[in-house]
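Visitor: Heads up: the sequence shown begins at 239 in the working numbering, then just goes up one per residue. We put the beta carbon where it would ideally sit given N, CA and C, even for glycine. This one's a predicted model, so the numbers in the text were calculated from it and none came from an experiment.
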Amino acid sequence: RSDLQMIKHKLNLKDVKLSSLTRGRLSSVKRRCHPLCECEVCGEGVTQSSMSRALLANGDNYTLLHIAALHGHPDLALLFAGHFTWMLDTVTLRDKLSPLHLACQYNNEPIVDILLTAGY
C-alpha cells in the first residue's frame, strides 16, 4: 500500500481513490481514436495527467502499466488503466508487447481481467 501511495503522490493523483476506479467505471472509459489523439472529441471525458507521456514510459516504450502487468500489481494496473487510458494501447518498441500481452505471458489473471474490463 505504501508503494501505491508514493506513486499516487509522484503522479499527482493523491485524491484518486481506487474504489472510484471500479471495474464498471473502467468499461465506460472513453477510448481515443488512436493512442496519441488530442482531438476535441477524444479529449472529452478522458482523464489525463499534466505529466508528459515521455516521462511515463522508458526508452523501450514500457509504460507504468506494462511494469504493473509484468510484476503483478493489480492496484497499480487499475490506477493506470483508469487514469492514463492511452497506456492500454501502447506497445513496446522491440517486441510490440502491450500490457495485456505481458499480463497473459506472466499469468497475472487479475490484471488480465482489469485490462479486458477497461476495454482492451
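1. List the whole-angstrom C-beta distance separating L303 from M325, where the pair is believed to meet the contact cut-off of C-beta under 8 Å.
2. Mark Y300 as exposed unless 16 or more other C-beta atoms lie within 10 angstroms of its C-beta, in which case mark it buried.
3. Can you tell me which residues form a DSSP beta bridge with A295?
4. How would you call H321, buried or exposed, if buried means at least 16 neighbouring beta carbons within 10 angstroms?
Guide: Considering the structure as presented:
1. 4 Å
2. With 16 or more Cβ atoms within 10 Å of its Cβ, Y300 is classed as buried.
3. The partner list for A295 (beta bridge, DSSP) reads T301.
4. buried
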